[in-house]
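Numbering (my numbering), first residue to last: 448 to 748.
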């Protein structure tokens, strides 16, 4: 028996999740697909590995470990695949499950945590009985140093799934990782066409920033790939500087930038919601303002 099963693919996530698991006691790692196997072994004495990465197989792997180890807690970083797999496990065993949580504490057989609601505009504190299942918000937990020299065990889970994968098509990605970016220039529907995004890219190159975007730019217009998409259904970011160009500020987008240290918004609509969530707001035509800003920055540097 163990106290916690930690589901993880990346070392950076393992260091955060271990901090939470240590509040309970002993833990094992569970990983899947293309993961950083060797790096994970320094955080857990034992890491179980699945070759597959689909939610159904992950569920069966977790079911096997839950039946075998009887943990008090199963936790991972919030993602689409784990939401699917964890919810199946919660339904099967009638376990409480919460997502996007942080500031987690354990006391008297109960676990308490915080999470945002109303698209991140408010915070609530909740409490749950153990055993429980948690999906944790990334980058909100102090990191622990890995001191183990663990072993890896591959799980051979029989194909119990009734869903047959006929074909798999990878989403087109732009090769960016805005979740770890320190500076982001983000674009919205204030741009009239795709070619005009060049001025945003020029600004980003000048200040060493990654390019982000609102939902319509990636999902509807397909001007940028989905790994640029910032928001509740896209990526949640925590840069030192977030520059929003032509973004009105829908609640779903604002939920993705709640952890940004400094938000600068440029929009020609003075009533745009983005201004209520910005540290600095510029009411201006981005087609006029951004080229002038680029010119001034070049003159200064």
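Each residue gets a CB set at the ideal place from its N, CA and C atoms; glycine is no exception.
All figures in this text were calculated on a predicted structure; none of them were measured in a lab.
Could you check the C-alpha separation between residue 634 and residue 646 for me, to the nearest Å? 10 angstroms
May I ask you to list the residues that DSSP assigns as paired with residue 688? 630
Among 696, 692, 538, 717, which has the Cα closest to the Cα of residue 740? 692
Is the distance from the Cβ of residue 512 to the Cβ of residue 452 below 7 angstroms? yes
Closer than 7 angstroms by C-beta to residue 497: which residues in its own chain qualify, once you throw out the five before and the five after it? Chain order, please. 479, 504, 505, 508, 602, 604
At 3 residues or longer, what runs of the beta strand (DSSP E) sit wholly inside the stretch 505 to 530? 520 to 524
Classify residue 568 as buried or exposed, calling it buried when 16 or more other Cβ atoms lie within 10 Å of its own Cβ. exposed
Here's the rule: buried if 16 or more other CB atoms are within 10 angstroms of the residue's CB, otherwise exposed. What is residue 727? exposed
Going by DSSP in three states, residue 486 sits in which element: helix, strand or coil? helix
Assuming residue 591 is part of the alpha helix (DSSP H), what are its boundary residues? Careful: residue 591 lies outside any alpha helix (DSSP H) and carries neither H nor E.
Buried/exposed call for residue 661, threshold 16 Cβ in 10 Å: buried
Rounded C-beta distance between residue 714 and residue 704? I'm assuming under 8 angstroms. Going by Cβ atoms, the distance from residue 714 to residue 704 rounds to 15 angstroms, so no, they are not a contact pair.
Leaving aside the five residues before and after residue 745 along the sequence, list all residues of the same chain whose C-beta is less than 8 angstroms from its C-beta, in chain order. 653
Helix, strand or coil at residue 558 [DSSP, three-state]: strand
Only counting the same chain, and skipping five residues up and downstream in sequence, which positions put a Cβ closer than 8 angstroms to that of residue 462? 490, 590, 591, 592, 593
How would you label residue 696, buried or exposed, when you count the other beta carbons within 10 angstroms and need 16 or more for buried? buried
Alpha carbon of residue 597 to alpha carbon of residue 628, nearest angstrom: 31 angstroms
For residue 455 and residue 464, believed in contact at Cβ under 8 angstroms, the rounded distance: 6 angstroms
Given a cut-off of 7 angstroms, decide if residue 583 and residue 516 are closer than it, judged by their beta-carbon atoms. no
Counted within 10 angstroms of its Cβ, other Cβ atoms place residue 570 as buried (16 or more) or exposed: exposed
Suppose contacts are defined by Cβ-Cβ distances below 7 angstroms. Is residue 656 in contact with residue 677 by that definition? no
Under DSSP, the beta strand (DSSP E) around residue 453 begins and ends at which residues? 451 to 454
So what's residue 461 in DSSP terms, helix, strand or just coil? helix
With DSSP run on the structure shown, which of helix, strand or coil describes residue 470? coil
Whole-Å CB distance - residue 560 paired with residue 548, under 8 angstroms assumed: 4 angstroms
For residue 551, collect the residues of the same chain with a Cβ closer than 6 angstroms to its Cβ; drop the 5 residues on either side in sequence, then sort them by chain order. 467, 560
Taking 7 angstroms as the threshold (C-beta atoms), are residue 689 and residue 710 in contact? yes
Residue 659 and residue 694 closer than 7 angstroms at C-beta: no
Going by the CB atoms, is the gap between residue 679 and residue 712 shorter than 7 angstroms? no
So, at 6 angstroms on beta carbons, what are the nonlocal neighbours of residue 528 in its own chain, with the 5 sequence-adjacent residues on each side left out? 502
Residue of 546, 586, 595 minimising C-alpha distance to residue 572: 546
Exposed or buried, what is residue 640 when buried is set at 16 or more other beta-carbons lying within 10 Å of its beta-carbon? exposed
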